[in-house]
Every structure is written in C-alpha cells, then in structure tokens.
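Add 297 to a position in the sequence shown, counting from 1, and you land on the number used in this note's numbering.
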Amino acid sequence: TSPVVRLYLAAAMQRLPDDACWQIARQLAKHAEDADDHNIPKMIWYGIQPHVTEDIPQGITLATSGRIPLLTRFIARRLADDDQLEPVVAWIAKNSQAHDAQLQWLTAGLLDSLDSRQTHQPPSAWDVAYPLLKSKSERVARLATELAQRFGDTSAIDQLFDVIANPQLPAKERESGLQVLATQRGERLQPQLPKLLDDDAIRTEVIRTIAAFDNDRLASALLERYASLTTEEKLEALQTLASRTSYGQQLTESLRQGRIPRTDVPAYVARQLQRVVGPSFVDVWGSVDLLAEDQKELFAKYRDLLTDANLRQADPGKGHEVFLRTCAVCHRINDEGGQLGPDLTGANRTNVNYLLDNILTPSATIQDAYRMLIVNTNEGRVYSGILSGESDRSITLRIANREMPVVIARSEILSQDIAPVSMMPEGILNNLSEKEVLNLVAFLRSTPAH
Numbered sequence: 298t299s300p301v302v303r304l305y306l307a308a309a310m311q312r313l314p315d316d317a318c319w320q321i322a323r324q325l326a327k328h329a330e331d332a333d334d335h336n337i338p339k340m341i342w343y344g345i346q347p348h349v350t351e352d353i354p355q356g357i358t359l360a361t362s363g364r365i366p367l368l369t370r371f372i373a374r375r376l377a378d379d380d381q382l383e384p385v386v387a388w389i390a391k392n393s394q395a396h397d398a399q400l401q402w403l404t405a406g407l408l409d410s411l412d413s414r415q416t417h418q419p420p421s422a423w424d425v426a427y428p429l430l431k432s433k434s435e436r437v438a439r440l441a442t443e444l445a446q447r448f449g450d451t452s453a454i455d456q457l458f459d460v461i462a463n464p465q466l467p468a469k470e471r472e473s474g475l476q477v478l479a480t481q482r483g484e485r486l487q488p489q490l491p492k493l494l495d496d497d498a499i500r501t502e503v504i505r506t507i508a509a510f511d512n513d514r515l516a517s518a519l520l521e522r523y524a525s526l527t528t529e530e531k532l533e534a535l536q537t538l539a540s541r542t543s544y545g546q547q548l549t550e551s552l553r554q555g556r557i558p559r560t561d562v563p564a565y566v567a568r569q570l571q572r573v574v575g576p577s578f579v580d581v582w583g584s585v586d587l588l589a590e591d592q593k594e595l596f597a598k599y600r601d602l603l604t605d606a607n608l609r610q611a612d613p614g615k616g617h618e619v620f621l622r623t624c625a626v627c628h629r630i631n632d633e634g635g636q637l638g639p640d641l642t643g644a645n646r647t648n649v650n651y652l653l654d655n656i657l658t659p660s661a662t663i664q665d666a667y668r669m670l671i672v673n674t675n676e677g678r679v680y681s682g683i684l685s686g687e688s689d690r691s692i693t694l695r696i697a698n699r700e701m702p703v704v705i706a707r708s709e710i711l712s713q714d715i716a717p718v719s720m721m722p723e724g725i726l727n728n729l730s731e732k733e734v735l736n737l738v739a740f741l742r743s744t745p746a747h
C-alpha cells in the first residue's frame, strides 16, 4: 500500500470497532518507513488511544512488535498515566532479548509520564527489569537510571549528588539532577544548596530548588546574595521567596529595610506575597488592589498624561525595555514575551482608553483560559498559575517566568481555588515613573502585528 492509502486507513480507525482498530494498527505499525512521517504515526495513535487502557495486552503487543517508535513511546506513556506501569515493566523483565530500540522507547514513554518533580512507587518487576536495562546500550542504561531515580532508588540518587557537584558536566544534566533531588526533599541536599548558589552555571535551578524546602537558612542565603544576582536570577529569587510564608516574611522585612528595592518586585509577585504573608506585607507595601475611588483618580491622571503631544515625545525603544521588564513575563507581542497571559499582538493597542482599561482594571473581564489557580500543598508551598492540564493523578500549571509547566501531584495538594481576580494586579504602573509609562504606551502603540 502507498503512504496515502495508509494515511486514509489510519484516519478511518477512529470510526471503527475496537477489534478492527487493533487489527489495522498492527498492520500499519509494521511500516518502519512511516516512522518519520508527519501524520501517519499520529493518526494511528489517535485511533488506538481510547482503547489502550481498556485492552492492555493488545496495547503492549503493539508497542513491542511495531516499528514506529512514537507509538511505542505514546503507549507506554498512556499506560503509566493510568497507573499501569506494572505490565510494561513486567514485559521488560520477561524479555531479556528485546532490542535496544524497543527498550529505549518504552523507557522514554514511562519517563514522559513520571514527572521529575514527583517520587513514584516502583513496580514489583522493577528489581528484575532494572539490571536488565542497565546491561543494554549506554542510552538505555541512562534512561533506566533516570527511571530508578524517579522510583527513589538509593544508589541512583547517590549518582545524582555526584552529578550536581561536578562543574565539568553539562548544566542541563546537573539541573535535571537537582529537579529529581528536589522531589526527595531530603536533609542531605539542603546543606549543599548555599554553596551551589555560587555556581553560575546552575544558579537559576538552585534558586528554584530552594522553594522545595521550608528552611529559613536557605532563604537567608538567597537574600544575602540578592544584590549580586542577574536581573533574571533576581526574578527567580523573588518568586521563590514568595512561595512560602516563612520565606515571604524574610522578603517583606528586606523590603521594609530597603535592602531590596520595591521596583524590583513585579506586581504578580506582590499579589502572591499579599496572599502568603498577609497583613504584615500590606503594612509594608500597601494594598495591591485599588479602591474604586483610587481607580477613578488613576484613570484621570493617566488620561491627562497620555496625550498625543506627550506620546510623540516618548521613546518607544525605551518603552520596549519597560515592556520586557514589566509585562513580557506574562504577555507576548509578536514572537517576544511569555504566554501566561493573553497575547497582545492583535489587541487594540493604538487606543489609549483600551490600554488603560486593561492595565488599570485587569480583573474587570477575565477570560476563562486565564483565570488564576491558587494551589496550597501539604508541605506549605503556594503556587499561583494558569491551569494548562489535569489528570486523575496531577494538575499542570503555567507559572510566570517558567518556560516549562509545573506538574503537581493531586496527593500533594491541600487546597486549590480559582482566584476571583486577575493574576495581573491593578497597581502595575505604581512602580513606574511618568516617563516610563509614556515610553511603555508609546511602544505598545507603535509595535505592528506581524
């Protein structure tokens, strides 16, 4: 059959009974030449995906006999998502002669499901499967070690401590090690973090790791180094310090004493601090949200400021710098900025009143896709973000200044609530000078959509 015919067959699977679907999938999966096709592997997957957990033996047979790696990986991931690691690992344990490619994609699929920020119970067959995997190719052995680390294997965890301490290794490998160790929340890692804060290559990930612990000494170590951090690292530090009540109290005291400038603190971090610290933060910062009378005064103030004459004298280039510092963590214009908040590319940005409405009263209209979810964990950590996915086992949040979403196990969640207000506080212009506001609005109005 031609690739066109195979694609039509794959597309038809979604409308066929289970038995016919599996039969066609087995035949299509034999075509190794389709492994790199843009559509065929995905269409086969869409056809079988609803049936994988309903007929696990059929799914494992297809995953281990087919010649399309994406199917093998997706089937293993889907079974793990449904807490069905046991049959996959049992197959590995019973098939010592399996090809490295099969083992590689099965193991990769399991890792796709087992997020590095959680520790998982190993399947009963893991004691047999692990040494078998370790005896295979370097790639398979490395994936097996990563799985063992997810399962809390002591010897595999020991290797991670060697990895994070070795400055000769790639930063990505060391950062991955930190992410796994952070899930253990053990005493052994905490004393090493202050020293690792002085390691330029992995400092950002170390700052994030500190949020996994409730340790006043770690917060103090971070605050002591704050002045020497880069702009990006300072933002990470502020987010970490706003993630726990005890950390937030130390940050609030630093703000009160002027050791950290108010202008460094983004509005969304201020809102988080108001939530985790409470009245003592408001005493230092003031209220994050504005009263109706204050809003009216600000509308009048900025309408008087943002005249055509004043905007003609503004500098859009410097406004771009303000945008990157103040807005781009959450918002995107063209291909620049974050994706936590609405994309501003096609917005009505030439209209000053439209801009003021959305900047000064961001909670007036909140699209459902951008409602802020507040998650409190059993061990005292607070997350604020936008829900981007959920399953029976976990939820996934998009968080400001994080390229990768954060996965939180439902078993770790104490409470979760949808905030009635926007993640973007109303006082976002408070820390900007009038010149900075003019430059920012000039930039927003001058940037064409493309």
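No residue lacks a Cβ here, since even glycine has one placed at the ideal position from N, Cα and C.
No experiment lies behind these values; they were computed from the predicted model shown.
What's the call for Asp783, buried or exposed, on a 16-neighbour Cβ count within 10 Å?
Outside the displayed range of the chain (298 to 747) lies residue 783, so it cannot be described from this structure.
Per the DSSP calculation, Gly545 is bridged to which residue(s)?
Within the sequence shown, the letter at position 248 stands for residue 545. None; Gly545 has no bridge partner.
Can you tell me the Cβ-Cβ gap for Pro338 and Ile365, rounded? I've got them flagged as a contact below 8 Å.
As a working mapping, residue 338 is identified with position 41 in the sequence shown. As a working mapping, residue 365 is identified with position 68 in the sequence shown. Correct: roughly 5 Å between the Cβ atoms.
Pull up the CB-CB distance for Ile715 and Tyr680, whole angstroms please, since I reckon it's below 8 Å.
Residue numbering aside, residue 715 sits at position 418 when the sequence shown is read from its first letter. Residue numbering aside, residue 680 sits at position 383 when the sequence shown is read from its first letter. At roughly 13 Å, the Cβ-Cβ gap does not stay under 8 Å, so Ile715 and Tyr680 are not in contact.
Going straight from the alpha carbon of Trp423 to that of Leu359, what length do you get?
For the purposes of this step, residue 423 is identified with residue 126 of the sequence shown, where counting begins at 1. For the purposes of this step, residue 359 is identified with residue 62 of the sequence shown, where counting begins at 1. One C-alpha to the other measures close to 22 Å.
Roughly how many angstroms lie between the CA atoms of Thr658 and Gln489, to the nearest whole one?
Against the sequence shown, residue 658 aligns to sequence position 361. Against the sequence shown, residue 489 aligns to sequence position 192. Distance between the alpha carbons of Thr658 and Gln489 is about 44 Å.
Of the choices Tyr343, Ala498, Arg541, Gly682, whose alpha-carbon is the least far from that of Asp665?
Along the sequence shown, one-based indexing puts residue 665 at 368. If we check each option's Cα against that of Asp665, Gly682 comes out closest.
Locate the beta strand (DSSP E) running through Thr693, then write down its first and last residues.
Here the question's residue 693 lines up with position 396 in the sequence shown. That run of the beta strand (DSSP E) goes 691 to 695.
Quick check: what's the CA-CA separation for Asp495 versus Gln320?
To locate residue 495, count along the sequence shown from 1; it is residue 198. To locate residue 320, count along the sequence shown from 1; it is residue 23. If I take the Cα positions, the gap works out to 58 Å.
From which residue to which residue does the beta strand (DSSP E) around Ser685 run?
Counting from one through the sequence shown, the residue named residue 685 turns up at place 388. 679 to 687 is the extent of the beta strand (DSSP E) around Ser685.
Taking Gln399 as part of the alpha helix (DSSP H), name the residues at either end of that continuous run.
Here residue 399 corresponds to residue number 102 of the sequence shown, with the count starting at 1. Looking at the DSSP string, the run of the alpha helix (DSSP H) that includes Gln399 is 397 to 410.
Between Ser540 and Glu733, what straight-line distance do the alpha-carbon atoms span, to the nearest angstrom?
On the sequence shown, position 243 is the one that residue 540 refers to. On the sequence shown, position 436 is the one that residue 733 refers to. Taking the straight line from one Cα to the other gives about 29 Å.
Rounded to whole angstroms, what is the Cα-Cα separation between Asp316 and Ile345?
Stepping through the sequence shown from its first residue, residue 316 is reached at position 19. Stepping through the sequence shown from its first residue, residue 345 is reached at position 48. For Asp316 and Ile345, the distance between alpha carbons rounds to 10 Å.
Have a look at Pro717 and Arg668 and give me their C-alpha separation to the nearest angstrom.
Looking up residue 717 in the sequence shown gives position 420. Looking up residue 668 in the sequence shown gives position 371. Those two C-alpha atoms are separated by around 8 Å.
Based on Cα-Cα distance, which residue from Ile630, Tyr305, Leu737, His628 lies nearest to Gln267?
Any answer about residue 267 is impossible in this case: the structure gives the chain only from 298 up to 747.
Determine the burial state of Val477: buried for a count of at least 16 other Cβ atoms within 10 Å of its Cβ, exposed for fewer.
What you label residue 477 is simply residue 180 of the sequence shown in a count that begins at 1. Its Cβ being crowded by 16 or more others within 10 Å, Val477 is buried.
How far does the alpha helix (DSSP H) with Asn607 in it extend, from its first residue to its last?
What you label residue 607 is simply residue 310 of the sequence shown in a count that begins at 1. From DSSP, the alpha helix (DSSP H) with Asn607 extends over 605 to 609.
Starting from Asn463, follow its DSSP beta bridges and name the residues at the other end.
Working through the sequence shown from its first residue, we reach residue 463 at position 166. BP columns for Asn463 are empty, so no partner.
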